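Q: Residue numbers (our numbering): 21 to 240.
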């Protein structure tokens with residue numbers, strides 16, 4: 021049964037959209053006794069059934085995925101597969117990403133490029149029910165992850181997200197915003213997704229209307 025670690029063997033399921041990354045993680049983990057990769061996927065679409073069928077104890081999850089965002093995938097896994105621990109392994113070290121991942125139910129957060137020994141240590145920690153934050157991730161964030169309730173959801177937006185929202189309200193495309201802020205288009209897409217989630221807005225038109233109500237841009 022998923023989440024039931026027996027005989028000190030921890031079964032892992034990898035979710036990353038790059039095959040070479042999955043291959044590398046699998047090779048690193050295979051060097052550690054008691055760790056076994058039992059499945060993998062390149063996106064989060066309908067992945068919970070595959071994780072359950074594989075009998076995984078820990079899911080190693082990237083956040084930047086095609087299809088459902090990694091945070092949504094994390095929430096699905098945690099809500100549907102009791103006892104399965106999620107360890108986020110990503111390039112995103114910003115505090116807001118860490119906070120959202122932990123709020124979504126992740127037990128651990130690591131930045132890509134950590135040594136194999138540390139990755140194995142993180143896997144064992146989350147499998148044992150512990151919270152694990154890797155180097156470059158401030159442990160102080162654990163004190164703040166529950167401080168998200170507010171009468172005005174706009175206050176939940178980071179400065180970068182507010183800037184992106186203002187540019188969206190001005191009618192700028194993702195590509196133009198990316199050029200202006202020296203970001204990738206994919207990063208702008210991520211900021212847009214996170215804003216809409218925080219504001220409980222589900223389409224572009226409503227997002228622009230919200231920005232106008234906030235006075236972030238003016239109609240001609």
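The beta carbon of each residue, even a glycine, is placed where N, CA and C say it ideally should be.
Note that the coordinates shown come from a computational prediction; the quantities given were computed from them, not determined experimentally.
Report all residues from its chain with a CB closer than 6 Å to the CB of residue 108; omit the five preceding and five following residues, and keep chain order.
A: Position 88 of the chain shown, counted from the start, is the residue given in the question as residue 108. 81, 121, 126, 129.
Q: Based on Cα-Cα distance, which residue from 138, 208, 202, 143 lies nearest to residue 77?
A: Here residue 77 is taken as the residue at index 57 of the chain shown, counted from 1. The option with the nearest alpha carbon to residue 77 is 143.
Q: Fully enclosed by the region 52-106, which alpha helix (DSSP H) runs are 4 residues long or longer?
A: You should have 67-74, 90-100.
Q: Going along the chain, which residues of its own chain have a beta-carbon closer than 7 Å to the beta-carbon of residue 34, five neighbours each way excluded?
A: As a position in the chain shown, residue 34 is number 14, starting the count at 1. Only 42, 45, 46, 57, 60, 80 meet the Cβ criterion.
Q: I'd like to confirm the pairing. Which residues does DSSP put opposite residue 149 in its beta bridges?
A: The count along the chain shown starts at 1 and reaches residue 149 at position 129. Answer is none; residue 149 lacks a bridge partner.
Q: By the 10 Å Cβ neighbour count, where 16 or more other Cβ atoms means buried, how is residue 187 classified, buried or exposed?
A: For the purposes of this step, residue 187 is taken as the residue at position 167 of the chain shown. It is buried - the Cβ of residue 187 has at least 16 other Cβ atoms within 10 Å.
Q: Rounded to whole angstroms, what is the Cα-Cα separation between residue 55 and residue 134?
A: Within the chain shown, numbered from 1, the residue matching residue 55 stands at position 35. Within the chain shown, numbered from 1, the residue matching residue 134 stands at position 114. Across the structure, residue 55 and residue 134 are spaced so that their CA atoms are roughly 17 Å apart.
Q: Could you give the DSSP three-state label for residue 207: helix, strand or coil?
A: Translated into positions along the chain shown, residue 207 becomes position 187. The answer is helix: DSSP assigns residue 207 an H, G or I state.
Q: What did DSSP end up calling residue 143 once you bin it into helix, strand or coil?
A: For the purposes of this step, residue 143 is identified with residue 123 of the chain shown, where counting begins at 1. Correct three-state label for residue 143: helix.
Q: On a Cα-Cα basis, can you pick out the residue from 91, 83, 225 that is closest to residue 189?
A: By 1-based counting over the chain shown, the position of residue 189 is 169. If we check each option's Cα against that of residue 189, 225 comes out closest.
Q: DSSP puts residue 244 in a beta bridge; with which residues?
A: Outside the shown range of the chain (21 to 240) lies residue 244, about which nothing can therefore be said.
Q: Any idea if residue 64 is buried or exposed, counting beta-carbon neighbours within 10 angstroms, 16 or more meaning buried?
A: Against the chain shown, residue 64 aligns to sequence position 44. Flag for residue 64 reads buried.
Q: By Cβ distance, which residues of its chain are closer than 6 Å to residue 117, with the 5 residues on each side in sequence left out?
A: Residue 117 sits at position 97 when you count from the first residue of the chain shown. Hits under 6 Å: none found.
Q: So residue 101 and residue 72 are supposed to be a Cβ contact under 8 Å. How far apart are they, rounded?
A: Within the chain shown, the letter at position 81 stands for residue 101. Within the chain shown, the letter at position 52 stands for residue 72. Between the beta-carbon of residue 101 and that of residue 72 there is about 6 Å, and that keeps the pair under the 8 Å contact cut.
Q: So, for residue 219: in the same chain, excluding its five sequence neighbours on each side, which residues have a beta-carbon less than 7 Å away from its beta-carbon?
A: By one-based count along the chain shown, residue 219 stands at place 199. Within the same chain, residue 219 has close Cβ partners 173, 230.
Q: Could you tell me if residue 245 is buried or exposed, where buried requires 16 or more neighbouring beta carbons within 10 angstroms of its beta carbon?
A: One cannot answer for residue 245 here, as it falls past the ends of the chain, which runs 21 to 240.
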